[in-house]
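Visitor: Using the numbering used here, read the sequence shown as starting at 1 and increasing by one per residue. We put the CB at the ideal spot given by N, CA and C, even for glycine. Dropping a structure here in structure tokens format, bear with me for questions.
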Amino acid sequence: MSDVNRRLLLRERPTGDVTDENFELVTEPVPEPGDGEVLLRTRWLSFDPAQRGRLNDVRSYVPPVQIGAVMEADGIAEVVASNAPGVEVGALVHAQCGWQDYVVVDPSGGGLFDPVPADVTEPHHMLGLLGMTGLTAYFGMTDIGRPVEGDSVLVTAAAGATGSIAGQIARIKGASQVIGTAGSDDKRAWVRDVAGFDDCLDHYADDILRQIRAANRDGYQVVFDNVGGTLLDACLFNIAVRARVVLCGSISTGYKPQRPDVGIFYYQLLTMRSSRMEGFLVSDYADRFGEARRDLWTWAQEGRLHQQYDVLEGLESAPQALGRLFRGGNLGKQLVRL
Numbered sequence: 001m002s003d004v005n006r007r008l009l010l011r012e013r014p015t016g017d018v019t020d021e022n023f024e025l026v027t028e029p030v031p032e033p034g035d036g037e038v039l040l041r042t043r044w045l046s047f048d049p050a051q052r053g054r055l056n057d058v059r060s061y062v063p064p065v066q067i068g069a070v071m072e073a074d075g076i077a078e079v080v081a082s083n084a085p086g087v088e089v090g091a092l093v094h095a096q097c098g099w100q101d102y103v104v105v106d107p108s109g110g111g112l113f114d115p116v117p118a119d120v121t122e123p124h125h126m127l128g129l130l131g132m133t134g135l136t137a138y139f140g141m142t143d144i145g146r147p148v149e150g151d152s153v154l155v156t157a158a159a160g161a162t163g164s165i166a167g168q169i170a171r172i173k174g175a176s177q178v179i180g181t182a183g184s185d186d187k188r189a190w191v192r193d194v195a196g197f198d199d200c201l202d203h204y205a206d207d208i209l210r211q212i213r214a215a216n217r218d219g220y221q222v223v224f225d226n227v228g229g230t231l232l233d234a235c236l237f238n239i240a241v242r243a244r245v246v247l248c249g250s251i252s253t254g255y256k257p258q259r260p261d262v263g264i265f266y267y268q269l270l271t272m273r274s275s276r277m278e279g280f281l282v283s284d285y286a287d288r289f290g291e292a293r294r295d296l297w298t299w300a301q302e303g304r305l306h307q308q309y310d311v312l313e314g315l316e317s318a319p320q321a322l323g324r325l326f327r328g329g330n331l332g333k334q335l336v337r338l
């Protein structure tokens, strides 16, 4: 175990793209756990678009990261010292690690502290397939989208960590057609060939509204949106009667503090087609995480569900990893391995 703890602290709030200059790398002595606490060594860090929102000094469902504080993130960590009953050295846990090598936590303090199950042989699945992105896809699709046999489903950002799982769940639930959108040839090929979507459209195309219509002229019963803006508008133009539109994310905004440049215009079609549009937070379903993880893991073991991981190496690459999410640089779930 090293005697130095590297930490990436928030130096200044970004107003545009996230860069290395927004953070300061410092070294400190490795902290020591007190009574009832454990010392964790970070092995993997998770990256999601919502983290960009934590850098804005605005009111949200979670407090912003403060200037001078370590950037927050969940991860997979190894217990390297333990003063907590029942927590053994060497155990792997899913916990709030932050962008740092070591962190002291209280396992009984009510925060995130989930042992990695023994049958999960690749622990980083707890950050993707079995983590917040997989759980978000599960509840957004099964509880709000509610696809049934014969439905047509449209998923935006279908090569992302959440969208890719959401579309595959729709197929498992009986959807007869699953169409995605993504921003590059490689991503669209992966969505079709690996994730098993019927087709994947270029969401940068000028005629994306017409392409969505051409893929299904009868309209879509379920839309699972991760993008917002003009792409969400194109989706709304193509909903079927009694459609369910799931608002999962709005990555087109960049999660910047400024008001988005564009909004939606076709919202009146929700009324004209007796449809509904609903947002959600995955934390609303915390009491059902066990149920979701059992289903997700079973489907993966059966070969019906595939999660792609995009891995960068080293703590110093954390700002780059977060920025990649908004430049379309990642395929699947973005991780950093320490």
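#1: Suppose the cutoff is 7 Å on Cβ atoms and the five residues either side in sequence are ignored; what does the same chain contact list for TYR266 look like?
#2: Apart from the five residues on each side of it in sequence, which residues of its chain come closer than 7 Å, Cβ to Cβ, to ASP3?
#3: Any idea what DSSP makes of GLU313, helix, strand or coil?
#4: Which one or two residues does DSSP pair with MET277 in a beta bridge?
#5: For TYR102, which residues does DSSP report across the bridge?
#6: Which ranges does the alpha helix (DSSP H) cover as unbroken runs of at least 4 residues, wholly within the stretch 286 to 310, from first to last along the chain?
#7: What are the boundary residues of the alpha helix (DSSP H) that ALA137 is part of?
#8: Find the nearest neighbour of SER275 within the set LEU296, ALA286, VAL245 and VAL336, judged by alpha-carbon distance.
#9: Which residue spans inside the stretch 46 to 109 form an unbroken alpha helix (DSSP H) run of at least 4?
#10: Please list the terminal residues of the continuous beta strand (DSSP E) segment that includes PHE326.
#11: Round the Cβ separation of ARG43 and GLU72 to the nearest angstrom and send it over; I've been treating them as touching at under 8 Å.
#12: Could you compute how far the alpha carbon of GLU32 sits from the alpha carbon of LEU39?
#13: By Cβ distance below 6 Å, which residues in the same chain neighbour SER250 in space, the five residues on each side in sequence not counted?
#14: With 16 as the cutoff for other CB atoms within 10 Å, does ASP48 come out buried or exposed?
#15: Specify whether the stretch 155 to 162 and the stretch 321 to 332 touch according to this definition: at least 3 beta carbon pairs, one from each stretch, less than 8 Å apart.
#16: According to DSSP, simplified to helix, strand and coil, what is ASP261?
#17: Just reading off the beta strand (DSSP E) that ALA189 is part of, what are its end residues?
#18: From PHE349 to VAL26, what does the alpha carbon distance come to, in whole angstroms?
#19: Look at ARG7 and ASP119 and say whether their C-beta atoms are less than 9 Å apart.
#20: If you pair each beta-carbon of the stretch 197 to 207 with each one of the stretch 165 to 180, do three or more pairs fall below 8 Å?
#21: Going by C-alpha to C-alpha distance, which of PHE289, ASP207, TYR61 and ALA243 sits closest to THR271?
#22: Tell me, to the nearest whole angstrom, how far the beta carbon of VAL79 is from that of VAL87; I am working on the premise that it is less than 8 Å.
#23: Opposite CYS200 in the DSSP bridges: which residues?
#24: For the alpha helix (DSSP H) holding THR162, just list the boundary residues, first then last.
#25: So if DSSP puts GLU122 in a beta bridge, which residue, or which two residues, is it bridged to?
#26: Tell me the residue span of the alpha helix (DSSP H) that contains LEU231.
#27: On the DSSP bridge list, what partners appear for VAL155?
#28: When DSSP labels each residue in this structure, what does GLY219 get in the three-state scheme?
#29: Look at the Cβ atom of VAL155, then the Cβ atom of ASN226, and state whether they are nearer than 9 Å.
#30: Can you give me the C-alpha to C-alpha distance between TRP99 and ILE76, rounded to a whole angstrom?
#31: Could you tell me how far apart the beta carbons of ALA300 and LEU92 are, in whole angstroms, since I believe they sit closer than 8 Å?
Guide: Considering the structure as presented:
#1: Position 266 of the sequence shown, counting from 1, holds the residue named residue 266. Only ASP233, LEU236 and PHE237 meet the Cβ criterion.
#2: Here residue 3 is taken as the residue at index 3 of the sequence shown, counted from 1. These residues qualify, in order along the chain: PRO29 and VAL30.
#3: One-based indexing of the sequence shown puts residue 313 at position 313. Residue state, collapsed to three classes: strand.
#4: As a working mapping, residue 277 is identified with position 277 in the sequence shown. VAL245, per the DSSP bridge assignment.
#5: Counted from its first residue, the sequence shown places residue 102 at position 102. Its beta-bridge partners are ARG41.
#6: 289 to 301
#7: Position 137 of the sequence shown, counted from the first residue, corresponds to residue 137. From DSSP, the alpha helix (DSSP H) with ALA137 extends over 132 to 139.
#8: Here the question's residue 275 lines up with position 275 in the sequence shown. For the residues LEU296, ALA286, VAL245 and VAL336, the minimum Cα distance to SER275 belongs to VAL245.
#9: 50 to 53
#10: Counting from 1 along the sequence shown, the entry for residue 326 is found at position 326. Premise fails: PHE326 lies in the alpha helix (DSSP H), 318 to 327, not in any beta strand (DSSP E).
#11: Residue mapping note: residue 43 aligns to position 43 of the sequence shown, counting from 1. Residue mapping note: residue 72 aligns to position 72 of the sequence shown, counting from 1. Incorrect: roughly 17 Å between the Cβ atoms, too far for contact.
#12: Translated into the one-based positions of the sequence shown, residue 32 becomes position 32. Translated into the one-based positions of the sequence shown, residue 39 becomes position 39. Rounded to whole angstroms, GLU32 to LEU39 spans 7 Å at the Cα level.
#13: As a position in the sequence shown, residue 250 is number 250, starting the count at 1. Result list for SER250: GLY228, in chain order.
#14: In the sequence shown, residue 48 corresponds to position 48, counting from 1. It counts as buried.
#15: yes
#16: As a working mapping, residue 261 is identified with position 261 in the sequence shown. Looking at ASP261 - three-state DSSP - the assignment turns out to be coil, as it is neither helix nor strand.
#17: Here the question's residue 189 lines up with position 189 in the sequence shown. Run containing ALA189: none in the beta strand (DSSP E); it sits in the alpha helix (DSSP H), 185 to 193.
#18: The requested residue 349 does not occur in the structure, where the chain is confined to residues 1 to 338.
#19: For the purposes of this step, residue 7 is taken as residue 7 along the sequence shown, with counting starting at 1. For the purposes of this step, residue 119 is taken as residue 119 along the sequence shown, with counting starting at 1. In this structure, ASP119 does not lie closer than 9 Å to ARG7 by Cβ.
#20: yes
#21: For the purposes of this step, residue 271 is taken as residue 271 along the sequence shown, with counting starting at 1. Residue ALA243 is the option with its Cα nearest to THR271.
#22: Along the sequence shown, read from residue 1 onward, the residue named residue 79 stands at position 79. Along the sequence shown, read from residue 1 onward, the residue named residue 87 stands at position 87. Sure, about 6 Å apart at Cβ, within 8 Å.
#23: Taking the first residue of the sequence shown as position 1, residue 200 is located at position 200. GLY180.
#24: On the sequence shown, position 162 is the one that residue 162 refers to. From DSSP, the alpha helix (DSSP H) with THR162 extends over 161 to 172.
#25: As a working note, residue 122 is residue 122 in the sequence shown. Beta-bridge pairing links GLU122 to no other residue.
#26: The residue you call residue 231 lines up with position 231 of the sequence shown. Segment 229 to 237, the alpha helix (DSSP H) holding LEU231.
#27: Locating residue 155 in the sequence shown gives position 155, where the first residue counts as 1. According to DSSP, which records beta bridges pairwise, VAL155 is partnered with GLY180 and PHE224.
#28: Your numbering for residue 219 matches position 219 in the sequence shown. Of the three classes helix, strand and coil, the one that applies to GLY219 here is coil, per DSSP.
#29: Residue 155 sits at position 155 when you count from the first residue of the sequence shown. Residue 226 sits at position 226 when you count from the first residue of the sequence shown. Contact: yes.
#30: For the purposes of this step, residue 99 is taken as the residue at position 99 of the sequence shown. For the purposes of this step, residue 76 is taken as the residue at position 76 of the sequence shown. The straight-line gap from Cα to Cα measures roughly 12 Å.
#31: Translated into the one-based positions of the sequence shown, residue 300 becomes position 300. Translated into the one-based positions of the sequence shown, residue 92 becomes position 92. About 19 Å; that fails the 8 Å criterion.
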